[in-house]
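Here's the structure, in structure tokens; my notes come after.
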Amino acid sequence: MIELLFLLLPVAAGYGWIMGKNNAKNQAHQLNRQITSEYSKGLKFLLDREEDQGLEHLINLLEVAADSVEHYSTLATMFRRRGELDRAIKIHELLLKHPSLNEQQAAASRLELAEDYIMAGLLDGAEEHLVWLVKANHSDALEPILNLYSQTREWEKGINMFEAHSDLFSKPQHFKAIANFYCEAALLSNDPQIMRKAISLNHKAIRPLYELGKSAFAKEDYVKAIYYWRELICSFTFFAPLFIDDLAHSYEQLNLTHQFHELLLQLLDKGGVLIKIKHCQALLEQGHTEQAIKFLTDSLKRQPTIRGFSFLLQLLAKQNNDIKDVLDQIDKLVTSYIATKPDFQCQHCGFTSHTIYWVCPSCKHWETIVPSRGLDGF
Ligand SMILES: [Zn+2]
């Protein structure tokens with residue numbers, strides 16, 4: 001019931017506006033009577049607990065007394081939050097038509113109306129208003145329209161909008177969205193040329209490099225796979241779990257395993273436990289078992305991780321035949337524990353999963369889901 005007091009604000013504002021127009025006393029008097037009558041009816045319904053009809057009457061006052069934009073906007077937002085979208089739409093449409101709105105207020109009302117339409121599932125109507133705003137250089141409309149095109153999977157529309165209005169783009173998350181739009185369009189048309197456009201954007205995105213490396217790897221073009229994935233792992237080392245085994249395989253196919261080992265050495269400081277495990281495997285391949293165990297033990301003392309502990313158990317089991325069975329049993333338990341933990345987590349909303357999603361199913365942000373870190377992570 002408290003939020004219904006908001007309804008009094010626009011009415012009071014409308015009342016004040018009308019009373020202030022002393023040079024049109026008769027008109028003001030007539031309007032005043034009209035408002036008072038509607039207002040009384042609205043209040044009566046509210047007092048009789050017939051809230052729907054009460055609200056209808058108070059909304060009707062908008063047409064007579066639309067003066068205080070902020071109050072009506074607050075009222076509409078309240079309706080939207082309550083899920084009463086028809087009322088929110090009605091208020092925003094009335095506001096948008098009102099001649100007294102300045103450009104900023106009109107743009108804000110249009111944006112709110114588009115949000116109402118999106119919530120109501122009227123996506124065409126929302127798109128129309130958002131496109132209008134983008135064309136009028138309102139960067140606030142970028143996020144909702146990019147979300148809308150993500151939802152409808154209209155990648156081309158998003159790309160065309162970006163190419164026509166690239167000067168409006170400044171936020172990293174918008175560039176990430178467009179980079180992924182290029183990826184989606186490229187995968188649909190099987191055209192890596194479109195994917196490469198994503199790399200030429202001002203802001204580095206993760207997925208284009210990943211997909212280009214993956215595409216090259218699938219074609220057994222190991223030189224290109226290394227080219228893209230090496231750049232990716234150097235810039236975004238924490239994404240290594242997605243492709244490090246295939247990257248190692250690419251080096252191996254070209255008889256360049258020593259270069260892979262050198263790369264791991266470069267990444268040790270900024271990489272997580274997975275890079276350390278790969279480094280240990282490299283030491284083992286070179287016959288330096290004791291060195292590998294010492295390296296891993298020292299690393300775990302500094303930064304304990306379950307995956308590192310599991311790998312250490314496997315190393316020790318190979319070294320100690322007499323307690324191998326016990327160590328294997330413990331490792332089995334540890335591995336089962338790891339399997340229950342999510343492999344990926346959204347850095348924006350905390351959503352967790354066992355697979356990578358390039359757009360978070362929960363918060364709809366692009367490239368915010370990353371391999372898990374910390375004690376249970378990579
Ligand atoms: Zn999220």
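In the UniProt record's numbering, the protein residues as written are 1 to 378. Cβ atoms here follow ideal geometry from the backbone N, Cα and C, with glycine treated the same way. Quick caveat, the model's predicted, so the values are computed rather than measured.
beta-carbon residue i near ligand 1 non-hydrogen atom, thresh 6 Å
| i | result |
| --- | --- |
| Cys349 | yes |
| Ser372 | no |
| Ser362 | yes |
| Cys346 | yes |
Assigned secondary structure, residue i (DSSP; H/G/I helix, E/B strand, else coil)
| i | result |
| --- | --- |
| residue 379 | With the chain covering only 1 through 378, there is no way to say anything about residue 379. |
| Ala106 | helix |
| Phe169 | coil |
| Pro371 | strand |
| Ser310 | helix |
| Ser100 | coil |
| Thr77 | helix |
| Ser150 | helix |
| Leu296 | helix |
| residue 393 | Here the chain comprises residues numbered 1 to 378, so residue 393 is not present and cannot be evaluated. |
| Phe344 | strand |
| Thr305 | coil |
| Thr289 | helix |
| Ser139 | helix |
| Ser215 | helix |
| Thr237 | helix |
| Glu3 | For Glu3, the predicted model reports a pLDDT of 48, less than 50, meaning its position is unreliable; a value from the coordinates is still stated below. Reduced to three states, the DSSP call for Glu3 is helix. |
| Ser353 | strand |
Contact belief for residue i with residue j at Cβ below 8 Å, rounded distance in angstroms
| i | j | result |
| --- | --- | --- |
| residue 407 | Ser372 | This structure leaves residue 407 out entirely; the chain is present only between 1 and 378. |
| Ala240 | Gly287 | Going by Cβ atoms, the distance from Ala240 to Gly287 rounds to 25 Å, so no, they are not a contact pair. |
| Leu96 | Leu113 | 6 Å |
| Glu231 | Leu209 | 6 Å |
| Leu138 | Ala107 | The sequence given here places His at residue 138; Leu does not occur at that position. About 5 Å separates the two Cβ atoms, so the contact holds. |
| Ala126 | Ser150 | Going by Cβ atoms, the distance from Ala126 to Ser150 rounds to 13 Å, so no, they are not a contact pair. |
| Lys364 | Asn180 | Contact doesn't hold; Cβ gap of about 12 Å is too wide. |
| Lys278 | Leu264 | 5 Å |
*Mind pulling the beta strand (DSSP E) runs of 3 or more residues that sit fully within the stretch 260-288?*
Correct list: empty.
*Within the stretch 176-231, note down every full alpha helix (DSSP H) run reaching 4 residues or more, in order along the chain.*
Within the stretch 176-231, the complete alpha helix (DSSP H) runs of at least 4 residues are 192-199, 206-218.
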